[in-house]
Structure formats: structure tokens, C-alpha cells
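Residue numbers (the working numbering): 293 to 484.
The structure under discussion appears below in the form of C-alpha cells.
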Amino acid sequence: MARIRFITFEGGEGSGKSSHARRLADWLKGQGREVVLTREPGGTPGAEEIRKLLGIVGNVDRLLFLQSALIVGVASMGLGLAMLNSMRERRRDVAVMRALGARRTTVFAVIVGEAILVAAAGGVLGCVAARGVLWAVAPMVVAATGFAPAIPPICGLDIVAVIGAAAIGALAGLGPAAAAYRTDVADALSRG
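As C-alpha cells, this is what we get:
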């Protein structure tokens with residue numbers, strides 16, 4: 293959740309509070325921070341309303357995070373089930389690989405590797421698609437609210453997301469890989 297700070301400048305009329313506040317706001321914006329500049333003191337009704345609004349937004353932020361976690365969980369289960377069904381259809385291929393000399397551990401590694409690649413590709417596509425949606429929706433948000441949503445550049449958090457997706461893919465691939473590991477070569481080849 294974003295941390296919110298209220299900064300006030302004290303001083304009499306003509307002491308330069310407004311110019312100092314403007315310089316600080318410009319510097320913070322240059323650092324990539326979102327700044328709301330107002331001349332109202334922190335205890336006014338307007339400031340209290342802003343605090344309430346930011347409290348509501350903070351709760352929505354937590355709700356969206358929980359929803360994202362649920363989506364990731366369901367997607368990883370879907371990936372695992374898709375890989376498991378794929379392995380059932382590819383039992384003969386696994387048996388042929390084994391008959392040609394591939395060890396069980398090699399087959400296991402190939403299947404887990406496939407799951408990692410699929411999940412990592414999904415992570416990359418998700419990061420790109422999220423920015424594409426933000427870019428496409430930004431003009432509508434500006435027209436409706438007057439505020440431009442921040443479209444973050446690709447950063448370390450995206451790398452963490454892709455690595456996390458790959459790790460989830462590895463976990464989702466363990467079940468199908470274990471099923472392939474246990475595949476009986478003679479039985480799978482005889483069923484054709």
C-alpha cells in the first residue's frame with residue numbers, strides 16, 4: 293500500500309512558504325512521487341476529507357491485492373491440470389523418449405522445464421498486457437476524473453513477477469513430471 297505523508301510549512305505572510313512548497317513538490321515529482329499540493333492546513337475539513345478518501349483507496353488496494361493472489365492461485369492450478377492432462381495424452385511420447393534412452397530424471401526435468409517456460413512466458417505477457425491496458429485506458433480515466441494514472445516503467449518488480457511466475461510454474465509442473473517419472477514404458481507403448 294502507498295505511504296502517504298502530509299508536509300506543512302510554517303511561517304508568516306511573505307516568508308516564502310508557497311515557493312518552498314512548490315520547489316519540494318517539483319523535486320518529489322522528479323523522484324517519481326505523486327504529489328498533491330494544497331494551501332490548506334492539515335487540520336481543516338478539506339484535509340480530513342482527503343485523509344478519508346486515501347483511507348478508502350488503501351482498503352481497495354488491499355482488496356485488489358487479495359484478488360490478484362486468488363487469480364494467481366487459480367491460474368497455477370489451471371496450469372498444473374493442463375500439464376497433467378497433456379501428460380496423459382503424451383504418455384506414449386514419454387515412453388518413446390524412455391525407450392530411446394532418456395532417463396527418468398531427464399524426462400522429469402523436461403516436463404518441469406516446459407511448465408517453467410509456459411509460466412514465465414505468461415508472466416512476461418502479463419506485465420506487457422498490464423501496461424498496454426493502462427496505456428489504452430489512461431485517456432478515458434483522464435477524461436472522467438481529470439487525473440492521469442501513472443504507467444510505471446518496466447522495473448525490478450516485473451522481474452520479480454516473472455521469476456515468481458516461473459517458480460509457480462515449477463510447482464505446477466511437479467505433479468505431471470512425477471506422473472511421467474512413474475510411466476511404465478512397456479505398458480505405455482503397448483497401449484499405443
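Using N, Cα and C, we set each Cβ at its ideal position, and we do this for glycine too.
- Burial state of Met379 is buried, judged by a 10 Å Cβ sphere holding 16 or more other Cβ atoms.
- The alpha helix (DSSP H) runs lying completely inside the stretch 440-478 and spanning 4 residues or more are 448-473, given in chain order.
- The alpha carbon of Pro445 has as its nearest neighbour, out of Ala421, Ala436 and Val349, the alpha carbon of Ala421.
- Around Gly467, the same chain offers Gly372 and Leu376 as residues with beta carbons nearer than 7 angstroms, after the five sequence neighbours per side are excluded.
- Phe301 carries a coil assignment under DSSP once its states are collapsed to helix, strand and coil.
- A check of alpha carbon separations from Ala471 across Ile348, Ile403 and Val433 identifies Ile403 as the nearest.
- In the displayed model, Ser307 falls within coil according to three-state DSSP, outside both helix and strand.
- For the stretch 311-390, the full-length alpha helix (DSSP H) segments reaching 4 residues or more read 337-381 along the chain.
- Measuring C-alpha to C-alpha distances from Ala374 to each of Ala407, Glu305, Ala480 and Arg383 identifies Ala407 as the nearest.
- When the Cα atoms are used, Asp450 and Leu392 turn out to be separated by approximately 40 angstroms.
- If the five residues before and after Cys419 are omitted, its C-beta is found closer than 8 angstroms to the C-beta atoms of Ile446, Asp450, Ala453 and Val454, all from its own chain and listed in chain order.
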